[in-house]
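Residue numbers (my numbering), protein chains in the order written: chain A, 15 to 469; chain B, 15 to 469; chain C, 15 to 469; chain D, 15 to 469.
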């Protein structure tokens, strides 16, 4: 079947391959979202008199059928279709005739693809936030379980001061909660309906943009039609940046785990079923997944950069360059979510070796504590520091647990204040629930059944 | 004078040059922030009995003197000082003796530099948000002044559909307001006090972290001491990412202006005093500043990437790598703010040439309008599209102003709804005011006078 | 069938999905290369007595069969195989029993995958260099065909000085030839055989690495076995950087064509069959492919960055992070080659509109020529410049062709010296031929037939 | 004094600050190069009759004086001068009158700045290659000194197979030699004279471009004048990419050293004078310089990306965006060279702790050796692998030195073939010498004395 814009001449085959790219494959992720958006668009066209009630019902049934086919992996998008939008319109025209030919009234693929990406992105952010909160909860559970287990604290990777497994684990959890500030900002930016902006300049039809936004459960219409088109790629980049911050936290956690599960440290252990082997070395149990988390943090960063590089210096209005942002966006989302889930598994199965942690303490790790004892005795800090520095080897070993308990100010190893992040975690759980409560019932009402938008 | 950690041996000179880098120059931007944080730290040390009242007063006076010296450009940080923190402590010790030697009690340069960067970042975000709002306001003013002036709307840079100068200008304004969602998230992340986290593991002293946070007008203590240290670089990267989104918007606006001020378009004109010339070609009036905005968007992106690349895969606890994030952060902030201000100047002085804009219309730009007329007459959209496509040259020219007025749905050229972004702009003005009201009186109370933290 | 390292326990399913990633799909591009390398490895194992002659023959036949299956798209790599290396060994064991179990003697997947990537990379570089030379040749042909056609020369996109279509087209051609310096460097780095380095530390077997290198037509053995392993990813990054430079040149050419085919310029025209349409606007003929070239230059840059980011700060020896470089490498190669071929098509079909080019000249474009006339008359340059600058509008229009002919120094519009790049192009054609002559006969001798390594 | 293009109106002050940026500071690095290029230009102008012999002599003296002033730090470039080119012309006009006003005849700042950057880049590449070779030589010396010292070989950072300090150290050396392939390509690209291309379109004067190239010791004229201008930024990016590859190698070496100097490994030790301390922890000796090398590798990558991002999609001819590439280029060069020198110091002072290296061996590290013993006894590899895998703990400890000696194929620990890189190093030393021999005498002949172009 033909492309939406085809009118009697053919694209050169090489050019066609080049311009279509992988869109026909990538768009499998967007079929359901596009059908939902089309349902809302059809409802609005009916309301303003472009569609008859029966045409609208036919389109609604046709779109529902496409969703069911897609859910079974049976809705084909062929390279000659270019993308899911064309495949869907072609399907509707073939099935419904006139009604199908009317579905594109008052919209362009430009606003259509943005709408689909928004629905996808919103569903992704809900899943992603949940997964990050699950991981954070696992980390706080781990912190609680090993709250006062001494662990050598390091700076420059060298022995620094006494620390605890509790402090270490809770730190990652708190960082993840902070990272979610960006996910919230991304959700807010994403929560605007672009439909009706058409090719960037609106249409001479009395579109009811507010109705479409309401049906699709968006908090607002994205007002200026040109601005709506300009947000293609940008919103995706903000979502990827939110994923990126989480990945950076995970990559640092992975780096710690790669090091601290080494025999030379032995602080933690990974169960065998999380490790891979070597094709040549029979003895190997390697933390491949941690290395991949570390590497994929770089991949997600590169994907965010890719999107933003494409956007930079584009002239106003739609430009085809924007197509090239889609693969980057979809891949970064998938990588991020899978990485978070893998890390939750790691944390839940991570073993703690208290003996090896204790053995990691050497007397010099108490030098700062000794310095501050001198300060407590009245010596100015810099003098105490210099006195201890002269004979650091003379620092006497202390009991690590006692050393921890002396650090009792807010957030210190002897006073982790796990209630603080627990409260924040609860707030973010409530935020997820609120997002779902705002969206799910409306989408179910629109489609007549629950539609999976991210999987 | 010696480095804070110096104890009887010397660094190799080459190593010293390599490790100090440009810190002694960069830190001029942080002197005031560090002094303020030290005032709060001293007040807290006095409260918990580490400092006597007179020691605290002496430190307060000494720190105030440093700020005044720095404001006059007379506070020197030499390469052998390494950074501002050392220069300040050395100054206090030289001036005050014992009291000076006590200022570093219960803190490390790690939490100290984070605190200074937070104060700097907070002041920057206020200035930056104000500047972006000023630019957005200029764009909305421009949109209002030329609201119904027809302008060819483009996609793929080719003629697409009728548009207006109002739509075009307001689009950039709305995008900037959206970009500020990220600035808000950055502000929230930045608004947490790291002091008391020391070298990452707390100290065996009853530090009152809440008091310090209150004195420095932070909304909260950054709880977990290790997480507080891990946020070095990350918070900066989030601020830079917020600047980056604004820069991307500016670079696209700059790209449009570079094109549309060309003689071949002539839609807009830049006054001579904003243009530069050529060393060889006497006739040239070049839009250098727009080209530099375009290029500097790439620079800010690279700086954000640099910071995040440095963070990736760092092991836990402080690592010296973090120092390398400072120049990137400071430069990206300065570039971003200056670019916004330059673009405001451009918008305020931009000329509009209605005749050239009108001349840009060609009959084919009305093809979609013609298609939708057929739709209004009952023809299915896809059939109407094909019919018009067969003879696009037959599309009749219409009056551009009338064409605009037919697009009356929300956000379309005939109904820009400038009240929507006006309301949002007012909210963001209020946000700026609230930030300032939260911070300025407390900092003035702490220092005894107004301290400039970003300039 | 099992993974090469499997030994009685199972990976968690989520972990398996995460670690395998897309390797089982990506590796379809490497099957032939891996089979060729295995043929050479088997020949060497036979020579040193590890394989009997009949075992080696059986392996040779089995590997040839795999190549034929793969060429028909019938060699399956399933996710549970992890990668092509496992699928191939499993196939050989299933088909040949003992002999199959011996093929992995003295190698690791680490050196095996590097070898496959080298063979792939070498074949790619030959194709890529040829394609770039074809494009350069098309540009020089275009330059010759329109050598003295006047074209406004621009700086800052503003009118600057008289130029010609010949100068413009030949410039891109010369730049592409310069870009190939990097392709040559990449070829040189890639032209070293890693086999025998095994898991990074060699093996206690008398491997004949020189024989393997000779059979696979590499110029040298990559000596140090640890260095050989460290070159994974790095060589790929250098190849991608070579592609990137070509893409940057193409993106600039694409940018020019996007602008200069606009109605407002009309200098050049693209035939309809290279343009795409719009789903809503019936009149559109858009240069989508040029926009995609522009965007994909950003994608290739991001892919190169991704690889290098992954490499940074990896500890010595193989790390699983390296797997994450594969998709980036393969995609960047494919994107680069296709883009070059598309641009050749564009250049070959590009129309030139002399009338519009001539109309682009305005009097002020001759201001510098007028200045230098005054200089020729004895006035110091800076004085002449100032005099002309005072009344630039007074510059008289000149005949553009005459203005061009006055620029007769080397490389100027009146003296393009197309013989210079022609000579260079011939040298690079000879380099391609030499590469092929070094490689093709040896690989054919090894396999017994021609094996396609890049498609 | 005025800008070169100033003609009776003033730039807005904010715009001026924005457009000049840091050029007036950065250009201190280019003054000598610009003076040399101007000497060659003046000689050529004299030859073609634009300058009288006495004017040329005056200019030669004036330029020599500027070099001497600059060498003493006494040649000022003020913000209002914009850049060194203006400062130099203004100086010459003030000092020499008419002759000074003639120096800019037949050139633009566009080709002028490219020429200066080429001279700078060439001098830098000589220094950089020498420094890399010095470091490689230090590594080979270290490898020879500890050639057979056993060291645990790792993959995934886990124990893998027996290795040696010799293999480890020589690997880095060989990698650096490979990295220099890119430095060679960069040198080749850089070795072309852009002068005479003027503002991109040549001039109507009989410039003798070959003479200028010869005087400045370039191997060739960069032919097409537009292509010459387009190479601005690109050549710099290729140089930065060459530096980047070296930095990636250094960052991996630094990562190894950070880990292997930890007390938990203790394989190597850094002398105290290369380590820094902590402001709070008196006992600390931190490997700050290694962390900074690791971080600065990311910075150099970001700088390369920045340059290439700026170039992407620029229209043809000079664009002001290119100015923004200068700081990135200069900083990346300086960072790269200093890092290499610092790492040479590290290698030369690095201690080896044979006892700790030996203690790192655990029985399972010999599992592959045991497997291959079974293979030597006739068992198929995969069967032997599975047999050893069943009881990896049963692997018996072997003598590490003996295990090394059994790996005798090319490049293995028992046969490092240090002669191979030694030969390559000698070739590269000869390449440096050839570069210098081509350049230094000609530049001295031009200036009359040795001019320092990189410091």
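Cβ coordinates follow ideal geometry from the N, Cα and C atoms, glycine included.
So, at 6 Å on beta carbons, what are the nonlocal neighbours of residue 159(A) in its own chain, with the 5 sequence-adjacent residues on each side left out?
Around residue 159(A): no qualifying Cβ.
Since residue 444(B) is in the alpha helix (DSSP H), which residue starts that stretch and which ends it?
Element bounds for residue 444(B): 433-461.
Could you pull the start and end residues of the alpha helix (DSSP H) that residue 173(D) belongs to?
Run containing residue 173(D): none in the alpha helix (DSSP H); it sits in the beta strand (DSSP E), 172-178.
Along chain C, which residues have their Cβ under 7 Å away from the Cβ of residue 301(B)?
Chain C residues near residue 301(B): 170.
Indicate the three-state DSSP secondary structure (helix, strand or coil) for residue 282(D) in the structure shown.
Residue 282(D): strand per DSSP, three-state reduction.
Going along chain A in order, which residues have a C-beta closer than 8 Å to the C-beta of residue 220(B)?
Going along chain A in sequence order, the residues near residue 220(B) (Cβ under 8 Å) are 422 and 423.
Can you tell me which residues form a DSSP beta bridge with residue 114(B)?
DSSP, once it has assigned bridges, lists no residue as partnering residue 114(B).
Using a Cβ cut-off of 7 Å, which residues of the stretch 319-336 of chain D contact any Cβ in chain B, in chain order?
Residues passing the 7 Å Cβ filter: 319, 320, 323, 324, 333, 334 and 335.
In angstroms, rounded to a whole number, what distance separates the CA positions of residue 88(C) and residue 73(C)?
Using only the alpha carbons, I get a separation of about 19 Å.
The alpha helix (DSSP H) that contains residue 414(B), what's its start and end?
Looking at the DSSP string, the run of the alpha helix (DSSP H) that includes residue 414(B) is 414-419.
Quickly, what does DSSP pair residue 366(A) with across the bridge? List them, please.
BP columns for residue 366(A) point to 282(A).
So within the stretch 131-194 of chain D, which uninterrupted beta strand (DSSP E) runs reach at least 3 residues, ignoring any that extend past its ends?
Entirely contained in the stretch 131-194 of chain D, the beta strand (DSSP E) runs reaching 3 residues are, in chain order, 164-169 and 172-178.
When the cut-off is 8 Å and only beta carbons count, does residue 15(D) lie next to chain C?
Note that residue 15(D) has pLDDT 43, beneath the 50 cutoff, so the model's placement of it is unreliable and the number below is only indicative. Chain C, which has no Cβ nearer than 8 Å to the Cβ of residue 15(D), makes this no.
Suppose you measure from the CA of residue 329(C) to the CA of residue 287(C); what does that come to, to the nearest Å?
If you take the alpha carbons of residue 329(C) and residue 287(C), they lie about 52 Å apart.
According to DSSP, residue 234(A) sits in a beta bridge with which residue or residues?
Residue 234(A) is bridged to 206(A).
Once you ignore the five residues that flank residue 244(B) on each side, which residues in its own chain have a CB closer than 6 Å to its CB?
No residues qualify anywhere along the chain.
Given that residue 26(B) touches chain D, what residues does it touch there, using C-beta distances under 8 Å?
The contacting residues are 287, 288 and 359.
Can at least three beta-carbon pairs, one atom from the stretch 195-207 of chain B and one from the stretch 195-207 of chain A, be found at a separation below 8 Å?
Touching, yes, given that three or more Cβ pairs across the two stretches are closer than 8 Å.
Beta carbons nearer than 7 Å to chain B: which residues of the stretch 240-251 of chain D have them?
Of all residues in the stretch 240-251 of chain D, none has a Cβ within less than 7 Å of some Cβ in chain B.
Quick one: is residue 450(C) buried, meaning 16 or more other Cβ sit within 10 Å of its Cβ, or exposed?
The residue is exposed, with fewer than 16 neighbouring Cβ atoms inside 10 Å.
Starting from the beta carbon of residue 123(B), find every residue of chain D whose beta carbon is closer than 9 Å, and list them in chain order.
Residues of chain D passing the Cβ test: 292, 293 and 294.
Take residue 163(C) as the anchor and find which of 134(C), 139(C), 234(C) and 372(C) has the nearest alpha-carbon.
Ranking the options by Cα distance to residue 163(C), first place goes to 372(C).
With 16 other CB atoms within 10 Å as the buried threshold, where does residue 36(C) fall?
Exposed, by the Cβ-count rule.
Would you report the Cα separation of residue 133(B) and residue 311(D), rounded to the nearest angstrom?
Distance between the alpha carbons of residue 133(B) and residue 311(D): 29 Å.
According to the neighbour-count rule (16 or more other Cβ atoms, all chains shown, within 10 Å of its Cβ), is residue 458(D) buried or exposed?
Burial call: exposed.
Using a Cβ cut-off of 7 Å, pull out every chain C residue sitting near residue 366(D), in sequence order please.
Per Cβ cutoff of 7 Å: no residues; residue 366(D) is ~16 Å from chain C at best.
Leaving out five residues on either side along the sequence, give the residues of the same chain with a beta carbon under 6 Å from the beta carbon of residue 208(D).
Closer than 6 Å at Cβ, skipping near neighbours: 125, 128, 129, 236 and 242.
Output the boundary residues of the alpha helix (DSSP H) element that contains residue 44(A).
Counting along the chain, residue 44(A) falls outside any alpha helix (DSSP H), and DSSP gives it neither H nor E.
Does any C-beta atom of chain B lie closer than 8 Å to the C-beta of residue 297(C)?
Yes, contact with chain B.
Going straight from the alpha carbon of residue 384(B) to that of residue 378(B), what length do you get?
Their backbone Cα atoms lie some 10 Å apart in a straight line.
Please classify residue 429(B): does DSSP put it in a helix, a strand, or coil?
Coil, per DSSP.
Leaving out the 5 sequence neighbours to the left and right, which residues in its chain are closer than 6 Å to residue 454(A) when beta-carbon positions are compared?
Excluding sequence neighbours, residue 454(A) sits near nothing in its chain.
Quick check on the burial criterion: 16 or more other C-beta atoms within 10 angstroms. Buried or exposed for residue 39(C)?
Its Cβ having fewer than 16 others within 10 Å, residue 39(C) is exposed.
Which chain B residues are close to residue 356(D), counting only those with a beta carbon under 8 Å from its beta carbon?
Chain B residues near residue 356(D): 28, 29 and 32.
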